[in-house]
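Chemist: Sharing a structure here in structure tokens format.
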Amino acid sequence: MAATGGAAATSVVVLDRGNNTTCTINLHGATVVSWRVNNQEQLFVSKLASFDGKRSIRGGVSFVFPQYGAWSFGAQHGFARITRWNLERPPERLHNGDVEAIFSLMDNEFTRSMWNYQFRITYRLILREKELHFHIGVYNPSKELSFTFNLLLHTYLKVPDVRRCQITGLHGCTFIDKTRDGAIYQEGREVVAVNEWTDRIYQHTPQEHIVTNVVSGRKMRIHKYNFPDTVIWNPWVDKAREITDFGDDEFPNMLCVEAGHVSSPVILLPGTAFEASQIMQIIIEGNVSRKTKRNR
Ligand SMILES: O=P(O)(O)OC[C@H]1O[C@H](O)[C@H](O)[C@@H](O)[C@@H]1O
Numbered sequence: 001m002a003a004t005g006g007a008a009a010t011s012v013v014v015l016d017r018g019n020n021t022t023c024t025i026n027l028h029g030a031t032v033v034s035w036r037v038n039n040q041e042q043l044f045v046s047k048l049a050s051f052d053g054k055r056s057i058r059g060g061v062s063f064v065f066p067q068y069g070a071w072s073f074g075a076q077h078g079f080a081r082i083t084r085w086n087l088e089r090p091p092e093r094l095h096n097g098d099v100e101a102i103f104s105l106m107d108n109e110f111t112r113s114m115w116n117y118q119f120r121i122t123y124r125l126i127l128r129e130k131e132l133h134f135h136i137g138v139y140n141p142s143k144e145l146s147f148t149f150n151l152l153l154h155t156y157l158k159v160p161d162v163r164r165c166q167i168t169g170l171h172g173c174t175f176i177d178k179t180r181d182g183a184i185y186q187e188g189r190e191v192v193a194v195n196e197w198t199d200r201i202y203q204h205t206p207q208e209h210i211v212t213n214v215v216s217g218r219k220m221r222i223h224k225y226n227f228p229d230t231v232i233w234n235p236w237v238d239k240a241r242e243i244t245d246f247g248d249d250e251f252p253n254m255l256c257v258e259a260g261h262v263s264s265p266v267i268l269l270p271g272t273a274f275e276a277s278q279i280m281q282i283i284i285e286g287n288v289s290r291k292t293k294r295n296r
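Going left to right, the sequence shown walks through residues 1 to 296 as UniProt numbering numbers them.
Encoded structure:
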């Protein structure tokens with residue numbers, strides 16, 4: 001069930017649930033580079049993405065830690081997405097048919113060169129029939145030192161046309177607009193559509209968002225726990241041109257909806273842990289209507 005490549009830079013782990021339902025994780029950044037449900041890819045990865053084991057992989061779900069955004073001590077969005085993770089527990093089939101694997105990252109010379117703290121992260125992924133679960137634990141093993149951090153699951157949804165997607169759950173939320181020098185506004189729209197360069201940190205968002213018109217015109221439910229913020233990002237025409245590992249024509253086919261703890265830091269006291277999770281679920285409306293018909 002687990003496949004690991006030869007070269008360090010290309011090691012991948014595959015969770016295989018049968019029925020062409022798989023999830024592929026590249027140990028470089030523990031980046032989820034593919035989630036296929038009945039052979040249908042749900043995540044966007046750029047055709048120009050680099051898999052050289054150095055820079056971050058453009059697409060899928062990348063793990064942003066301990067910094068979101070520009071960082072004076074290291075690379076943008078921190079080191080977790082450019083560090084090789086350990087496969088803590090290889091893929092294992094659970095009694096209900098789901099498949100689980102656990103990844104981990106601890107401080108090492110590389111991480112301490114930028115951020116001199118001890119830490120341990122466990123990242124548990126569970127592949128269900130129509131769902132992908134992400135469970136994160138960050139532990140501070142120090143006896144004296146606290147640390148602060150940001151955490152974000154940088155999730156690129158694959159979509160046929162971003163202009164046709166709508167995102168629920170943002171109405172009334174304040175947001176930091178990174179396209180307008182960080183000005184703060186309040187969202188007045190019932191559902192949010194993306195029709196231009198968009199880079200917003202929505203704050204205190206509810207636990208659930210529904211995104212419409214993802215692959216096959218379906219809806220995707222994103223359920224999050226302990227992630228108070230939701231970042232919505234699409235580079236659109238001009239910014240897409242500036243990103244070297246992103247095709248100029250790819251922006252209509254992706255939408256980033258990113259659950260995170262970014263507009264305020266997490267403060268982790270010695271000997272304590274922080275937990276957060278995300279569940280992505282494909283909503284099959286046919287099932288609902290079949291049930292409704294039966295009940296009539
Ligand atoms: O190019 P990257 O470092 O992967 O960042 C891609 C994007 O990530 C997030 O969505 C940020 O809000 C954006 O400001 C940033 O441009």
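Where is the CB? At the ideal position from N, CA and C, for every residue including glycine.
How about F110 and F149: do their beta carbons lie closer than 8 angstroms?
Modeler: The answer is no: Cβ separation not under 8 angstroms.
Chemist: Got a sec? Which residues, its chain only, sit under 6 angstroms from I176 by beta carbon, not counting five neighbours each side?
Modeler: The residues are G182, I184, I201.
Chemist: Under the criterion of a Cβ to heavy atom distance below 7 angstroms, does Q76 qualify as lining ligand 1?
Modeler: True, at least one ligand heavy atom lies under 7 angstroms from that Cβ.
Chemist: Report the three-state DSSP secondary structure of G217 (helix, strand or coil).
Modeler: Reduced to three states, the DSSP call for G217 is helix.
Chemist: With a threshold of 16 other CB atoms inside 10 Å of the CB of E258, please say whether the residue is buried or exposed.
Modeler: It counts as buried.
Chemist: Would G54 be called buried (16 or more neighbouring beta carbons within 10 Å of its own) or exposed?
Modeler: Contrary to the premise, residue 54 reads as Lys rather than Gly in this sequence. Under this definition K54 is an exposed residue.
Chemist: So what's P252 in DSSP terms, helix, strand or just coil?
Modeler: Helix, per DSSP.
Chemist: Closest by CA to F246, which one among G74, V192, H171, F44?
Modeler: The residue with the shortest Cα to Cα distance from F246 is F44.
Chemist: Label N20 either buried or exposed according to how many other C-beta atoms from any shown protein chain fall within 10 Å of its C-beta, with 16 as the threshold for buried.
Modeler: Per the 10 Å Cβ criterion, exposed.
Chemist: For D229, list the residues DSSP reports as bridge partners.
Modeler: G260, per the DSSP bridge assignment.
Chemist: Ends of the alpha helix (DSSP H) at D238?
Modeler: Element bounds for D238: 236-242.
Chemist: Can you pull the DSSP bridge partners for W35?
Modeler: Paired residues: C23.
Chemist: Taking 7 angstroms as the cut-off, is the C-beta of H261 nearer than that to any heavy atom in ligand 1?
Modeler: No.
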